[in-house]
Structure formats: C-alpha cells, structure tokens
Amino acid sequence: MNGILTGFFGAIVEAWAQLRIGKLRVLLSLVGVAAAVAAMTFVIALGQVSVDAINKVGEKYTGRQGTVTINVSPTGKGLDQALQADDAPEASADESTGSNGAGSSGGSGGSSGGGSSSADGSGASTTTSAATAARISGAMSSFVERYDVKSWATTYTSNVRFSFPDGARSVPTQTVSLSYGLLHHKSISQGRWFTAQDEDDLSPSLVVTQGFLDAMGIQQFTGPITITSFSPVQTSFTIVGVLEAEDLSLIGCSGDPERDAGLPCTQPVTAFALNTPYESWLPKDATRPAPTLEVWAGKSGAKDVASLAKKDLDARFGQGSTRTEDNLQGSSMSSSASTFTQVVTAAGVFVMLLGALSLVNISLVTVRQRIHEIGVRRSFGATSRRIFFSIMLESVVATVVAGVVGIGIAIMGMRFMPLSSFLGIPVETTPPFPWWQPSSALSPPPPWARWRASSRRSWPPASGRSTRSATDAPSGPAP
Numbered sequence: 001m002n003g004i005l006t007g008f009f010g011a012i013v014e015a016w017a018q019l020r021i022g023k024l025r026v027l028l029s030l031v032g033v034a035a036a037v038a039a040m041t042f043v044i045a046l047g048q049v050s051v052d053a054i055n056k057v058g059e060k061y062t063g064r065q066g067t068v069t070i071n072v073s074p075t076g077k078g079l080d081q082a083l084q085a086d087d088a089p090e091a092s093a094d095e096s097t098g099s100n101g102a103g104s105s106g107g108s109g110g111s112s113g114g115g116s117s118s119a120d121g122s123g124a125s126t127t128t129s130a131a132t133a134a135r136i137s138g139a140m141s142s143f144v145e146r147y148d149v150k151s152w153a154t155t156y157t158s159n160v161r162f163s164f165p166d167g168a169r170s171v172p173t174q175t176v177s178l179s180y181g182l183l184h185h186k187s188i189s190q191g192r193w194f195t196a197q198d199e200d201d202l203s204p205s206l207v208v209t210q211g212f213l214d215a216m217g218i219q220q221f222t223g224p225i226t227i228t229s230f231s232p233v234q235t236s237f238t239i240v241g242v243l244e245a246e247d248l249s250l251i252g253c254s255g256d257p258e259r260d261a262g263l264p265c266t267q268p269v270t271a272f273a274l275n276t277p278y279e280s281w282l283p284k285d286a287t288r289p290a291p292t293l294e295v296w297a298g299k300s301g302a303k304d305v306a307s308l309a310k311k312d313l314d315a316r317f318g319q320g321s322t323r324t325e326d327n328l329q330g331s332s333m334s335s336s337a338s339t340f341t342q343v344v345t346a347a348g349v350f351v352m353l354l355g356a357l358s359l360v361n362i363s364l365v366t367v368r369q370r371i372h373e374i375g376v377r378r379s380f381g382a383t384s385r386r387i388f389f390s391i392m393l394e395s396v397v398a399t400v401v402a403g404v405v406g407i408g409i410a411i412m413g414m415r416f417m418p419l420s421s422f423l424g425i426p427v428e429t430t431p432p433f434p435w436w437q438p439s440s441a442l443s444p445p446p447p448w449a450r451w452r453a454s455s456r457r458s459w460p461p462a463s464g465r466s467t468r469s470a471t472d473a474p475s476g477p478a479p
C-alpha cells in the first residue's frame, strides 16, 4: 500500500516539476484551454441563465412550465335525472337573470389565472349561481385532496367596486388561493404576498398593482392600508402588498386606446384578493364566477393530469363538462427559449472544438521536445508505464488548472453581465450560475410519481356521485 501511494505522489511531484520546467509549453496550453473553457462556459451559461430569466417572465402570465388549467361547465350528460337536475347548466331562474354557466367563467378565470396583474379590465367573468359555483369548487377541492396534489391554486375574476379619492371605481379583482403567487412568480415590491394567517382575518386581504396604489394617491407603501368596497359586498379590505410595476412595453397601455389617445401610459389598476376571507363576506345566494383550477404537473405529467381531471370531473358534472389546457404547447415564449438554448449550445460546442484544435496544434509543435524527454527518462531506467503516466498526469494537471481558471473567468463575466439590457426584458433576480450535472441522477422524482398508486386505490371515489362503472376508471398512467 505504501509503495502504491509513494508512486502516486511521486508521479504528481514529477509532473509538477515538469510543468515548472516547460513553462512556455505549459503557458501556451493553459492559455488555449482556459480560453476555450471560458468561452464555452460563458456562452452556454449565458444561454441557460437567459432562458431561465425569459421563462420567469412568461411564468408570471401563464404559470410555471407544465401548469394545467382546468375549467368546468356542467352539462349533465350521462348522469341520472336526480344528478342532472343538480349539475346541469343553470336553471331557468338563473337564465332569466343572465347567468350563462360556468364554462365561460372558467375560461375567463383561466385567462386571468394565467395572466399577470395586468387584467384587461374587460369586466367580470360570466357568473353562475352560488350553488353551482360551490359544487364546482367542492369537486376541485376533492380532486386535489384525493390525488394528493401539492402545487395547485384556484382563481376567478370579478369586478369589485372600491372607494378611491376621486370616486368609486370598479376594479378587476382576481380572487385566488394562497399558493397562486408561487405558481405565477408574483414579485412584491412593497409589503408581502398572502400568508396563511390572512385566511383568518375578518378584513379580506388585498395585493394590488402599482397603478392601484397610484389611484389612491399613495406614493409609498409603509404598512397595511384599509380601503372600502361597495359591491358585490360592502366591507373593508386590507392592502398587505404591492406588486412590481409592469413593463408597459411588454403589456401595452391599459384602458380605451381611442379615449386615452395622446395620454401617457399608466400602470394597470387591478387587485388580487385572498379567497377564504373574501368569500366569507359574500351572501350565500350571491352569483359568482366558477373557479378555475391550476395544477402544476411538470412537463412530463401535464397530459396525465389533464386526462385524470377530465375523467374525474366529467363523472360528477357530465360528459364534456371539463376543459383542460396546459402551457407547454403553443407557447411562443417557450419555443423562443428552446431555440435560444439550441443556438447557444451549438455555439459553445463550436468554441470548444476550436479550443481543442489549438491544443492539438500546441502538442504537435512540442512533439520533438516530448521525444527528447522520453529518451532521457528511458536512459535513466524509467519504465514505459511510468513515463506514460507522468506525461499524462502533466497534461491532466495543466488541463484542470486551465479549466478552473476558465470557469472562474466565465463566472466573473456572468456576474457583471447586464442581463436586463442584453435581453430587453426585466430581470428581477439574477438566476444562479448553472452547474451542469446529470439530471436523472440528481433530480427528485416528479411530483406526480406517486399518483399512479393513489389513483388506483381511490378510484372510483367512494363518496362521489358518479354513475360510471369500474371499467370507466382511468387505465392510463396517472401522473
């Protein structure tokens, strides 16, 4: 054992001595390798960091990659008469008041849920009866509980009439669950996002846009602010946070283009309300939009979650009641990010090949010196294995040193890179430097890996009102 360690450390010492002797050759090798590694690392790191920044901007509007949006519009098809009377579209009494079913509200809620704080202000989502909205909300809650969903949120948009200094104004308000901010990367510039403690407050909590705060005539948010609402319920809301100001070059101007022609663009006036305290103030018979359920399933589980949601919710509300969509297909931002990644990866590989070519050239130039060194070592009795190991170790030591130097240069370059100016999009937080490792070995299991066993154990739900047979249970892979 001692002989092996002595030989190993002796070879390292000899390699270091050879590095000190052949300074010119080593310097050329170090410069070539360091330049190639620095260029490749910088290009690929810039691509990955840029894609991460672009995705974060997109996730503010559409949710994290792999988010499935689920809307329910009860049809009553395939249900017995008793269930059809409960879950069919609105009764004639609702129709006479102008209610148009939950499907439109689900779509609007999905759009608003996928959108940012810049609601279009087009008005409230189409409302449904309180009973129908409650049944849909209860079915969605049962769905996430049954399949142990960890990352989900509900949302719907309605108009709330608030009291401003210049008079009352209807403000598009998204009523969201607690985890909505996590799914959409909501960034708070002042105050905070909702917390679990807010659910017990008698005064519903609000997170507003900068435009909302400006409309109140407040320049700086220094603490909770109270504002009164007149409809759909008269109560006092407590503003607990203010969102980052929107980049108007990305979302455009809010309001009527013809009416506001010539006026400067202003920040959108919208708000987010926490659902639990807000809904506790609503009258039991108040009409409201049906909620939209957003489930983060990841890129690999989106299709499975969508299929499972359709089978589960259609069994409760009738065939064709459930509409699902994800943000993986048809996303221009995702497509641009993927193309950008491919381009920078190809550029990085090309730069690395150039660096390798320069290293080969340096090795060819110094081959005569290598032959001389080998002859001298052989004349002193060195074995072929010892000579080969020493020369290879010399190259390894030099390459490792050059690689560390190159990566250090790339990291320093990324630290001082003005990403916002370079990308043309707001970068709120600089993403960390990417360290490439095998994702299959280091990544945790997908959040839907345990759904297969869970779905088979709990399907069909014992308490559900489904009339489907056991053969209608989902047979495909559950997320």
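Here UniProt numbering is used: the first residue of the sequence shown is 1, the next is one more, and so on. Note that CB positions come from ideal geometry on N, CA and C, so glycine has one too.
Cutoff 8 Å; reference residue i; Cβ partners in own chain excluding five residues on either side
i    : result
S179 : S151, W152 and A153
Q220 : Q190
T341 : G47, Q48 and V51
G320 : T75, K77 and D314
G10  : none
F230 : R161, F162, S163 and A168
V343 : G47
D326 : G66, T67, V68, T69, A297, A302, K303 and A306
Residues that residue i bridges to, as DSSP identifies them
i    : result
P172 : N159
A271 : T173 and V208
L243 : I188
T266 : Answer is none; T266 lacks a bridge partner.
P238 : The question names Pro, but residue 238 is Thr in the sequence shown. Paired residues: S205 and T226.
T128 : R288
I70  : L293 and T324
T154 : L293
S231 : R161
G381 : Partner(s): none; G381 has no beta bridge.
G167 : F164
Pairwise C-alpha distance: residue j and residue i
i           : j    : result
residue 508 : L313 : A question about residue 508 goes unanswered here, because the residues of the chain that appear run from 1 up to 479.
F350        : D304 : 39 Å
F237        : I227 : 5 Å
R415        : R64  : 26 Å
T175        : D285 : 18 Å
K311        : D148 : 17 Å
F380        : I12  : 19 Å
R370        : L357 : 19 Å
V360        : G424 : 40 Å
residue 517 : S280 : What is shown of the chain runs 1 to 479, which leaves residue 517 out entirely.
A473        : L328 : With a pLDDT of 35 at A473, under the threshold of 50, the predicted position of this residue should be treated as unreliable, though the coordinate-derived value follows. Spanning the two alpha carbons is a distance of roughly 26 Å.
I218        : A271 : 15 Å
I387        : N55  : 52 Å
G181        : A410 : 33 Å
P224        : P277 : 16 Å
L5          : R385 : 16 Å
A273        : L354 : 56 Å
V239        : A53  : Residue identity differs from the one stated: residue 239 is Ile in this sequence, not Val. In a straight line, the C-alpha of I239 is about 29 Å away from that of A53.
D247        : A398 : 48 Å
T287        : S170 : 17 Å
M140        : L263 : 44 Å
Close beta carbons around residue i, own chain, < 7 Å, minus the five adjacent residues each side
i    : result
I136 : V72, A102, A290 and P291
Other residues of its chain near residue i: CB distance less than 6 Å, five sequence neighbours each side excluded
i    : result
R323 : N71
C253 : C265
V37  : G403 and G406
G348 : M40, V43 and I44
**Study point:** Ranges of the alpha helix (DSSP H) found wholly within the region 287–327, counting only runs of at least 4
**Key:** Complete alpha helix (DSSP H) runs here, min 4: 298–317.
Point to revise | Inter-stretch contact (C-beta, 8 Å, three-pair minimum) for the region 161–169 and the region 183–198 | key: They do not touch, by the three-pair rule.
Review point. With contact counted as at least three CB pairs below 8 Å, one residue from each stretch, are the region 129–149 and the region 192–203 in contact?
Key: In this structure the region 129–149 does not touch the region 192–203; the number of beta carbon pairs closer than 8 Å is below three.
**Study point:** Validate contact between the region 29–36 and the region 395–410 using beta carbons, cut 8 Å, 3 pairs
**Key:** Touching, yes, given that three or more Cβ pairs across the two stretches are closer than 8 Å.
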